[in-house]
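**Student:** Going left to right, the sequence shown walks through residues 0 to 170 as numbering that gives the first Met the number 0 numbers them.
We put the CB at the ideal spot given by N, CA and C, even for glycine.
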Amino acid sequence: MIELRELVPCDAEALLRIYSAEATEYLGRAPMDPAEARYYAQSAAAHAAQDPRTLYMLGLVVDADLLGIVKLHCDRPAAAISYVLRPDAWGRGYATEGVHKILALAFGRLGLPEVHAKHHPDNPASGRVLLKAGFVPTGEHTECLTYVVRPSRTVGGSLLEPALPTRRDTP
């Protein structure tokens with residue numbers, strides 16, 4: 000079962016495997032080094048403590064293994080998501096399910112009117128994730144393909160929403 004949870008400082012080692020050279024090829028950034036991984040994990044914990052919270056940096060976990068990161072950026076003019084998985088987790092539907100979970104948070108508890116996303120055109124797998132999650136292509140911007148999704152799925156008049164992410168306090 001896939002869950003999203005808050006990142007904690009002891010996740011730094013797993014972040015190195017997630018933000019590897021292969022995984023960052025189309026992200027417009029270099030792979031993480033150990034110092035950046037420690038800073039990233041600490042920064043995620045600091046964002047989780049903010050009120051109001053403007054950035055959700057959540058770990059995508061399967062069977063207690065941190066496989067990726069799913070982010071919801073509420074600190075921009077238009078809310079946006081991003082995601083990255085370890086290469087050994089690609090092609091198993093984890094990214095799509097993680098995106099569904101973060102969208103349930105965005106449209107449920109947060110009540111956002113829409114969420115945007117983008118991907119590099121040379122990474123069609125990322126585009127398939129967005130399409131499976133209900134995103135609609137909107138065009139191109141700064142060498143990326145762009146997408147938007149708006150809330151539409153309800154059950155009994157309520158938007159689907161997962162439980163809030165949990166904080167992992169032990170390594």
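1. If you count every other CB in all the chains shown that lies within 10 Å of the CB of S125, and 16 or more means buried, which is it?
2. Would you grab the beta carbon distance between L14 and A40 for me? Rounded to a whole angstrom, and I think it's under 8 Å.
3. Taking Cβ to Cβ, would you say Y25 is nearer than 7 Å to H119?
4. Could you tell me the boundaries of the beta strand (DSSP E) in which L111 lies?
5. In this structure, does DSSP put H46 in helix, strand or coil?
6. What do you get for D74, buried or exposed, if any count of 16 or more other CB atoms within 10 angstroms of its CB means buried?
7. I need the boundaries of the beta strand (DSSP E) containing G25, first residue and last residue.
8. Evaluate D87 with the Cβ neighbour count: other Cβ atoms within 10 Å of its Cβ, from every protein chain shown; 16 or more gives buried, anything less gives exposed.
9. Please state the DSSP three-state secondary structure of P8.
10. Pick out whichever of P51, D10, L71 has its Cα sitting closest to the Cα of R34.
11. Pick from D121, R85, T53: whose alpha carbon is nearest that of L109?
12. Below 8 Å on the Cβ atoms is my guess for Y93 versus V114; work out the distance and round it to an integer in Å.
13. Can you tell me whether M31 is buried or exposed, with buried defined as 16 or more other CB within 10 angstroms of its CB?
14. Please state the DSSP three-state secondary structure of E2.
15. Which residues bound the alpha helix (DSSP H) around H99?
16. Alpha carbon to alpha carbon, how far is E12 from A36?
17. Taking the C-alpha atoms as reference points, what is the distance between S151 and P112?
**Tutor:** Well, looking at it:
1. buried
2. 6 Å
3. yes
4. No beta strand (DSSP E) holds L111; DSSP gives it neither H nor E.
5. helix
6. exposed
7. The question names Gly, but residue 25 in the sequence shown is Tyr. Here Y25 belongs to no beta strand (DSSP E), and DSSP marks it neither H nor E.
8. exposed
9. helix
10. A small fix is needed here, since residue 34 is Ala in this sequence, not Arg. Answer by Cα proximity: D10.
11. T53
12. 19 Å between Cβ atoms; not a contact.
13. buried
14. strand
15. 93-106
16. 7 Å
17. 10 Å
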